[in-house]
Structures are given as C-alpha cells and as structure tokens.
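**Student:**
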Amino acid sequence: MSSFVRFFDKLEDRARARLSRSPIVYAIIGGIFVVLFWRAVWLSADMLAEVDGWLSILFSPGVSLLLSVLGLLLTGLFVSFFIGDRIILTGLKHEKKLAEKTEKEVEVEEAKIKELHAHIAHIEKRLDDIA
C-alpha cells in the first residue's frame, strides 16, 4: 500500500511542478476536476436521497446542510475552505496577496524566513548547551 501512495505522491509532485509553470492552464485543469468531483458527490447524494429509508432522510436538503456545516466546523475547514487561511492572515497583517507580490518581494521574504530558521536553530543549540 505504501508503494502505491508513494507512486501517486511522486506523480503529483511532477504534475504540480510542470503545471505551476502555466498558472492559467493549471487553474483551468484544476477547476475542471474540482467541478467533476463535486458533480459526482452531488449526483451520488441525489441518488441516495431517492432510496427509501434512513438514507432519504440523511441526504435530504436540510439534514445534509446541517451535517455538512457541523462537519466542516468540527474539522476546522469551514472558514479555511470558504475564505482561506492565507487571505485571513494577509488581511490581518495588511500584506499584499501572494499573486500581487513581485518576484523580488517573494525572494526577500524567503530570505527573511531562512534567516529566522537559522536564528531559531542557533537558539535551540544554545538551549541544548545550557541544558
């Protein structure tokens, strides 16, 4: 099973690397597959709602809405999915969206992050020495 997962993980990495060079094509392909996925979920729920018994109640519009909102809230995905963590963080920090940043700004930010990581590693080493 792990070789199966590893194969698709590497395949995904290669696909993302290639598609990220063409963001518009990437968005179109991604959009198509997201719509197809949700269409399949929607049609499956419709089919299950037509079955007699408890499945028709479970997949009725009101119960489906209630269960989905509860599930999204419990997993922490409600805000993340509908708004996005990055949008919230950039709004709180009054930053530009990543798409609006220039390549130079991204490089400067990456350099600062690397510098912070090095500083944290240095602090960790000093704490280990003290301990």
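Numbering (our numbering) for the sequence shown: 2 to 132.
Each residue gets a CB set at the ideal place from its N, CA and C atoms; glycine is no exception.
So what does DSSP say about ALA132, is it helix, strand or coil?
**Tutor:** Three-state result, ALA132: coil.
**Student:** With C-beta atoms as the reference, is LEU37 less than 8 Å away from TYR27?
**Tutor:** Going by C-beta atoms, LEU37 is not nearer than 8 Å to TYR27.
**Student:** So with Cβ pairs under 8 Å, would you call GLU125 a contact of chain B?
**Tutor:** Structure shown: chain B not included; a single protein chain is present.
**Student:** Identify every run of the alpha helix (DSSP H) within the region 24-52, keeping only runs that are complete inside it and at least 4 residues long; order them along the chain.
**Tutor:** Correct list: 24-51.
**Student:** With DSSP as the reference, label SER57 as helix, strand or coil.
**Tutor:** Correct three-state label for SER57: helix.
**Student:** Given this structure, state the Cα-to-Cα distance separating GLU104 from GLU110, to the nearest angstrom.
**Tutor:** For GLU104 and GLU110, the distance between alpha carbons rounds to 10 Å.
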